[in-house]
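Notes to accompany the following structure.
Chains as they are written, first to last, in my numbering: chain W, 475 to 851; chain B, 4 to 656.
Structure representation (structure tokens):
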């Protein structure tokens, strides 16, 4: 909205000259962050109470089972809070005609809706096993992944310049390693579903999903800024479609504003989700965050980077695959103590707070390593 | 038109229904559809009914080569059935289940959809407590489903179920005992045991009967009449010992007379046999055949066992080394069951009365009038009652039962236990480890001590897992979970003998960490049962595990040692763990110290000195929510208040 205000009313000579602030990506990003944070801070209490009142709680309405040492009874679906804050801020501060933003808005709405459906089903039936089935979830995520892939790879709507579209880039290497052609659709699909599920698995302890998610989004925000800035992207040698060719620019600046808004609302959510939590994000939050992270990774062509900066999520999903699919289903033994991996640490006797803080530290360091790939190329 | 067959179990009720329908309407024309080479090919023509053959194939277990044959025969069968249906134009299509009925009903359904056979109705009769797959499939196309057991109605569309009962052949009825005996040349005072194996004979019953016959016949009054099944009398090792008091018969034609002469029946649990026995009001030992589709014989038997109308004796499984199990009837169990009945005539009488109560006396009439009602458009006239049939554990999957038992949500009656033993034994011989694993769990929860030798074999078996499993990190065919759960089962069984000891020793040296940990915990649990020698053996094995890398194994080992060792030196051996990185190991040492002091092994002063050296930090704490604490207090209070209030209110109403 403010971007349009600038477009319409900006004149260096008039009293509206300060409208130029609404043009710069840097200033809009900061405003977006603060706005999202404030929106969350102001609305969260009301949302949490409303969720509790309507029975959207862990273990449902039966307060007889709310044990004194357990978190049962904590409101679920806190993802709504993150979504509301981020959306409000994006609508205010982003250039809504930008195709990056339109795709990200679509991802937000889609995954948020999937999460809402899943959580509602779980709460209605009173059991955490009876939401969407695994296959239904994967199908819904895949549907978005495939549509996104087709839009990006083969339509004029794609915000990515044509020579870059099907090239696969690795962190720490400036040239594309492969032109995958149609197979790139697979990369996009895997990235989106992987991200959504990985964050979903990580959401198990208070603050465990939100902070690593916040780091990942921040790193991608910085990448988007660098890529979207012609000078910086030339300086950091982004992107060459082939060896010895000219650099091509990915005008992804608006993604920075979007990321900043999301970071702000994640911080606001952490305000309430910090141990001991007032609210859980639920699948509403984890699918939404994961889906958006996956989409950003695809849009910035930094899919592989996610494995590094989202190393915590990788560990979570790998532990589940190793333990449940290989260990328990196939070879009939536990390979790890428990899965997802944070339960292994709990089993070993670490307190929840300790595990969470350690995971934050790890994800912070991984974010730094990821950022290093800007320069070390 | 009738369809249904494959085994006598499907054919005989169809014949009974045909006879009854003909009796009700002498003009009725009857045609049977069946498969060549199966039971119906012989039985149906011998009863004077016309039989035509169609192609059909049992459901394939998996999608494979079989599946193509299945589809091909199904299509042929549907085509042929359509031709027969159009030629015969039946007013009523009746099925008694069995895979033969599937193509017929598909053809019938299609023709009806296409506008043919407008004025015809279809009726499916289910004989068993647990319906077969064919019956489940075609119930959606039938106009009405007649059931023999109220227990089976939950499987079918509720508005179609009609509780008709099982159509027992009209010639079987309770008759005069004396005249029946006279015609067979049996004295009035003799105790007549009738052994029947169902239409297919029963090798395992025959095999069990042979060795105990001499002991049975020691009693001068016992007469055994044995329906051996075709050609079985030669190979079952049964020789004619006493022409008068042991009578093997290949196939009994005049069942009614024999039933009426009998004091006790030993039989399979086919629906037909059981209902005939009930009709004649006889006490019985029912030996259900295991491993049939849906275990329907076991489920039939349990329905009558619950009502106290029979005694169920389950088959057991024998293991020949690495080979899979083979079912057999334990002859000692059979002998003691028979002897109990011979000596306790009052029990026999009581059971006979209960059996008479359950007799399906008017089933044929019900079926005839139900079919009549269908033809006149009246729909279902014998809806099953609304009262909930209390669910039996046999209606749950074995894995679910194991879960419920683990959570302590169900309690087992002695009958339930014997049922679970049978299931568990069969599962233990399954090919898939997942199934064997459920078997192991069931053994532990149902207290089936006889399996311990088998468990020891499994623990010791070093037969490797398939290559692909080993590549993923598996080791032996008896996978880690199975070995862990065997150890766990030994702990739950709570008995101590040579097998238990050897199993736990194997467990302590197992390559799988959970098995080692649980074995140590089982040793601690069972230590109070052990003799000194066993304790020493265990201590020796446990001490080796102090070098284990796994913290869980260390924890359990330390605790177990503190419970069985009488050696103060143990404290010195713990010293190297005083700064262990896992607080759980250090916590185990603290708990072990308590045990050592309790048992008087260690001097309190010594322990006090040791504590100076122990790292007492901990990475864990368990917080609690004050509001929820108070909430619990409030709820307690509310419950107390609710009690006195409930009294007067209920009086007033």
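Ideal placement from N, C-alpha and C gives every residue a C-beta, glycine not left out.
- Residue 363(B): not part of any alpha helix (DSSP H); DSSP gives it neither H nor E.
- Non-local C-beta neighbours of residue 804(W) in its own chain, meaning closer than 7 Å and more than five positions away in sequence, are absent.
- In the same chain as residue 532(B), and ignoring 5 residues on each side of it, the C-beta atoms closer than 6 Å to its own belong to 499, in chain order.
- For the region 448 to 473 of chain B, the set of residues with a beta-carbon nearer than 9 Å to any beta-carbon of chain W comprises 468, 471, 472 and 473, in chain order.
- Taking residue 15(B) as the centre and dropping the five residues before and after it, the same chain places the C-beta of 46, 172, 202 and 275 closer than 8 Å to its C-beta, in chain order.
- Sorting 253(B), 578(B) and 334(B) by C-alpha distance to the C-alpha of residue 617(B) places 578(B) at the top.
- Going by DSSP, residue 60(B) is part of no alpha helix (DSSP H) at all; its letter is neither H nor E.
- Residues 686, 689 and 786 of the same chain have their beta carbon placed closer than 6 Å to that of residue 837(W), with the five preceding and five following residues left out of the count.
- Pairing residue 738(W) with residue 511(W), the inter-Cα distance amounts to about 5 Å.
- Contact annotation: residue 100(B) and residue 363(B) have beta-carbon atoms that are not nearer than 7 Å.
- Its chain contains 197, 280, 285 and 287 as the residues whose beta carbon lies nearer than 6 Å to that of residue 268(B), once the 5 sequence neighbours on both sides are disregarded; these appear in chain order.
- Of all alpha-carbon atoms in 637(B), 360(B) and 305(B), the one lying nearest the alpha-carbon of residue 154(B) is that of 305(B).
- At a cut-off of 7 Å between beta-carbon atoms, residue 483(B) makes contact with chain W.
- At a C-beta separation below 7 Å, residue 585(B) has these neighbours in chain W: 822 and 823.
- Take the alpha-carbon of residue 611(B) and the one of residue 593(B): they are about 11 Å apart.
- With a cut-off of 8 Å on Cβ pairs, the region 839 to 848 of chain W is not in contact with the region 794 to 804 of chain W, counting fewer than three such pairs.
- Per DSSP, reduced to three states, the secondary structure at residue 498(W) is coil, with no helix or strand assignment.
- Distance from the CA atom of residue 145(B) to the CA atom of residue 404(B), rounded to whole angstroms, is 33 Å.
- Residue 353(B) sits in a helix when the DSSP states are folded into three classes.
- Of the residues 590(B), 563(B), 495(B) and 596(B), the one whose Cα lies closest to the Cα of residue 575(B) is 596(B).
- Between residue 166(B) and residue 502(B), the C-beta spacing is not below 7 Å.
- Annotated three-state conformation of residue 319(B) is strand, per DSSP.
- In the three-state DSSP reduction, residue 502(B) falls in the helix class (H, G or I).
- Any Cβ of chain W closer than 7 Å to the Cβ of residue 476(B) would place that residue at the interface, and such an atom is present.
- Between the C-alpha atoms of residue 815(W) and residue 544(B) there is a straight-line separation of about 32 Å.
- A distance of 7 Å or more separates the beta carbons of residue 446(B) and residue 433(B).
- Shown here, residue 641(W) sits in a strand according to DSSP, grouped into three states.
- The beta carbons of residue 586(W) and residue 557(W) sit about 5 Å from each other, so the pair counts as a contact at 8 Å.
- The Cβ atoms of residue 86(B) and residue 59(B) do not sit closer than 7 Å to each other.
- For residue 270(B), the uninterrupted beta strand (DSSP E) segment begins and ends at 267 to 270.
- Residue 133(B) is not a Cβ neighbour of residue 309(B), given a cutoff of 7 Å.
- Around residue 108(B), no beta-carbon contact reaches into chain W at under 8 Å, the shortest distance being about 31 Å.
- With contacts defined as CB atoms closer than 7 Å, residue 721(W) and residue 695(W) fail to qualify as a contacting pair.
- Around the beta carbon of residue 640(W), 16 or more other beta carbons sit within 10 angstroms, so the residue counts as buried.
- Annotation: residue 407(B) to residue 485(B) spans about 19 Å, alpha carbon to alpha carbon.
- According to the DSSP assignment, residue 111(B) belongs to the alpha helix (DSSP H) that extends over 104 to 116.
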